[in-house]
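>
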Amino acid sequence: MLYFLPQIFIGTSGWSYKDWIGPFYKRKQNLFSQYSEIFNTTEINSTFYSIPTYGFMKQLSRAAPPGFKFSLKLYKGLTHKKLLNPKLGVLDDLEVFLKNIQPLKRNGMLGAILIQMPPKPPLAFPYFEEFLSNLPSDNYQFAVEFRHPEWLSDEYFKLLEESNVAYVVVDEPLLPSIVKVTSDFSYFRWHGRGQRPWYYYLYSEEELKEWVPKVKEAIDKGKVFYGYFNNHFRGYAPKNALQMLSFLGVANRRQRLKLKEIDRYFKETAQEKTKEAVMRVIESGDREQIIKEFSGGKRFERALDIPDSAVDVKAEDRRIEAKVKEYMVVIDLDEKIIIHNCEDWRKRVDSKKFCKHVAKVFLMIPKEKALKVLNDIVSNFEEWSFVYDGEGV
Numbered sequence: 011m012l013y014f015l016p017q018i019f020i021g022t023s024g025w026s027y028k029d030w031i032g033p034f035y036k037r038k039q040n041l042f043s044q045y046s047e048i049f050n051t052t053e054i055n056s057t058f059y060s061i062p063t064y065g066f067m068k069q070l071s072r073a074a075p076p077g078f079k080f081s082l083k084l085y086k087g088l089t090h091k092k093l094l095n096p097k098l099g100v101l102d103d104l105e106v107f108l109k110n111i112q113p114l115k116r117n118g119m120l121g122a123i124l125i126q127m128p129p130k131p132p133l134a135f136p137y138f139e140e141f142l143s144n145l146p147s148d149n150y151q152f153a154v155e156f157r158h159p160e161w162l163s164d165e166y167f168k169l170l171e172e173s174n175v176a177y178v179v180v181d182e183p184l185l186p187s188i189v190k191v192t193s194d195f196s197y198f199r200w201h202g203r204g205q206r207p208w209y210y211y212l213y214s215e216e217e218l219k220e221w222v223p224k225v226k227e228a229i230d231k232g233k234v235f236y237g238y239f240n241n242h243f244r245g246y247a248p249k250n251a252l253q254m255l256s257f258l259g260v261a262n263r264r265q266r267l268k269l270k271e272i273d274r275y276f277k278e279t280a281q282e283k284t285k286e287a288v289m290r291v292i293e294s295g296d297r298e299q300i301i302k303e304f305s306g307g308k309r310f311e312r313a314l315d316i317p318d319s320a321v322d323v324k325a326e327d328r329r330i331e332a333k334v335k336e337y338m339v340v341i342d343l344d345e346k347i348i349i350h351n352c353e354d355w356r357k358r359v360d361s362k363k364f365c366k367h368v369a370k371v372f373l374m375i376p377k378e379k380a381l382k383v384l385n386d387i388v389s390n391f392e393e394w395s396f397v398y399d400g401e402g403v
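So the number in my numbering is just where the residue sits in the sequence shown, counting from 1, plus 10.
1) For PRO76, is the classification buried or exposed, using 16 other Cβ atoms within 10 angstroms of its Cβ as the cut-off for buried?
2) Contact between the stretch 77–87 and the stretch 111–125 is defined here as three or more beta-carbon pairs at a separation below 8 Å; is this criterion met?
3) Thinking GLY21 and ALA251 are a contact (beta carbons under 8 Å), I'd like their distance in whole angstroms, please.
4) Determine the burial state of LEU88: buried for a count of at least 16 other Cβ atoms within 10 Å of its Cβ, exposed for fewer.
5) I need the boundaries of the beta strand (DSSP E) containing LEU82, first residue and last residue.
6) Taking 8 Å as the threshold, find out whether the stretch 27–42 comes into contact with the stretch 255–275 through three or more Cβ pairs.
7) Find out if the Cβ-Cβ distance for the pair HIS367, TYR337 is shorter than 7 Å.
8) Among ASN262, PHE107, PHE195 and GLU172, which residue has its Cα nearest to the Cα of PHE66?
9) Between which two residues does the alpha helix (DSSP H) holding ARG358 run?
10) I'd like the list of long-range same chain contacts for ASP327, defined as Cβ closer than 6 Å, with 5 residues on each side in sequence excluded.
11) Which of the three DSSP states, helix, strand or coil, is assigned to LEU94?
12) Please list the segments of the beta strand (DSSP E) lying wholly inside the stretch 127–162, counting only runs of 3 or more residues, in order along the chain.
13) With PHE391 and ALA380 assumed to form a contact (beta carbons below 8 Å), what rounded beta-carbon distance in angstroms separates them?
14) Which of the three DSSP states, helix, strand or coil, is assigned to LYS363?
15) If we call anything under 7 Å between Cβ atoms a contact, is VAL291 one with GLN299?
16) Which value, in whole angstroms, describes the spacing of the CA atoms of TYR13 and ARG244?
17) VAL291 lies in the beta strand (DSSP E); which residues open and close that run?
18) For a test of the three-state rule: what should DSSP assign to TRP200, helix, strand or coil?
19) To which residues does DSSP link PHE239 through a beta bridge?
20) In three-state DSSP terms, what is GLY307?
21) For MET289, I'd like the list of residues in its chain whose CB is within less than 7 Å of its CB, leaving aside the five on either flank, ordered along the chain.
22) Tell me where the beta strand (DSSP E) around MET67 begins and ends.
23) So if DSSP puts SER193 in a beta bridge, which residue, or which two residues, is it bridged to?
24) If you draw a straight line from the alpha carbon of LYS382 to that of LEU70, how long is it in whole angstroms?
25) Would you call the stretch 204–222 and the stretch 159–175 touching, i.e. three or more CB-CB distances under 8 Å?
26) What are the boundary residues of the alpha helix (DSSP H) that includes ASP103?
27) Exposed or buried, TYR177, counting other C-beta atoms within 10 Å across all chains shown (16 or more means buried)?
28) What are the uninterrupted segments assigned as beta strand (DSSP E) that are 3 or more residues long and contained completely in the stretch 323–355, given in chain order?
29) Tell me which residue opens and which closes the beta strand (DSSP E) that SER395 is part of.
30) Taking ASP386 as part of the alpha helix (DSSP H), name the residues at either end of that continuous run.
31) Report the start-end ranges of each alpha helix (DSSP H) in the stretch 30–65 that is 4 residues or longer and not cut off at the edges.
32) Whole angstroms is fine: what's the gap from MET119's alpha carbon to GLN44's?
33) Leaving out five residues before and five after VAL180 in sequence, what residues of the same chain have Cβ atoms less than 7 Å from its Cβ?
34) Using only the alpha-carbon positions, how far apart do ARG266 and MET254 sit?
35) Comparing the C-beta of PRO131 with each C-beta of chain B, is any distance below 7 Å?
36) Looking at C-alpha atoms only, which residue of TRP355, TYR27, ASN110 and CYS352 is the closest neighbour of SER60?
Structural data, given as structure tokens:
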């Protein structure tokens, strides 16, 4: 049985993704059962496209463990089609929606109801204030996600506060990440920072750590915190959700172990891709092409742009020491290790990819020696270590 710190619910937007099998799920069957062993909440997106049936909600309530919370997106017919107009029966639609989710409500498994607005300005919603005033916020937790910048003003934050409706704090490319607590609970969504689409994005540790004080502030101001990662591609969302729990200091043992499993999977997968890419060209003896596969096209071009005069190399038989601009590089064949200290290298060591500085060193040393080392790395790929030394080698 899992035990979670009360009132902090962090998970992902949905759970049924085939590309999570491997990085997150161990089996193709019983995905929700595997999910709920790790997380204590999820956000359901299907309710955005149609009002859920009573039977489906009853099934969910039976499948989830005690203490689990389902947050639901409100049916878009109210927001996107009828624009919250009470004359078009939106309150009747809301009543049906709330009636059908009663199995979750009765079992204490209902989280918040997310009202996601379309990307239209307030002028398109003359009934917004009236709709808020009719929400049964004393019995349900409602949260509003705005998707147009004109909504982000004190006028509308105040309306939410007066109705005890949460403002949804978002991380996305098109809107600023304003942290406002307008109710007795908080609701955060991390959509990702990709271009097309947003969701194809893995948050770095640094990006997540920037959010930690904001999340803690929201937790301190409210009774309940809900947070959902929507960057669902390739299992990025569960990894980032577990990282956030860890950075907040509330991850339990099972969550910490699962994060280690995911990290190991990503690391091994990335290294295998690097090895496969280099193996395709290693027999050619084309030094530049081999280095390009190790570094990637853009970084290879940047390596070429580094002037030779900015590089100082001392190449011995079994050890190479170099200074590239202000950075140091050590390549030791006996120890089978590359040590370097630039920030980009730190990000790439897990995948065993070169940064521009390391690539430049291999371009500068004699071709025969470079090919000898590159062949050794490929032949003994698992034995070689790529190490970041932030203190300088």
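Where is the CB? At the ideal position from N, CA and C, for every residue including glycine. Bear in mind the structure is a predicted one, so any value in this text is a computation, not a measurement.
Checking against the coordinates, here is how it stands:
1) exposed
2) yes
3) 6 Å
4) buried
5) 79–83
6) yes
7) yes
8) PHE107
9) 353–358
10) none
11) coil
12) 151–155
13) No, PHE391 and ALA380 are not in contact; Cβ-Cβ is about 17 Å, not under 8 Å.
14) coil
15) yes
16) Because TYR13 carries a pLDDT of 43, less than 50, the predicted location of this residue cannot be relied on, and the following value inherits that uncertainty. Spanning the two alpha carbons is a distance of roughly 28 Å.
17) Unbroken run through VAL291: none, as it is neither H nor E.
18) strand
19) THR22 and TRP200
20) helix
21) VAL388
22) Premise fails: MET67 lies in the alpha helix (DSSP H), 64–73, not in any beta strand (DSSP E).
23) Answer is none; SER193 lacks a bridge partner.
24) 59 Å
25) no
26) 100–110
27) buried
28) 329–334, 337–342 and 347–350
29) 395–398
30) 377–389
31) 41–46
32) 18 Å
33) GLU155, SER187, ARG199 and HIS201
34) 11 Å
35) Among the chains in the structure shown there is no chain B, since it carries only a single protein chain.
36) ASN110
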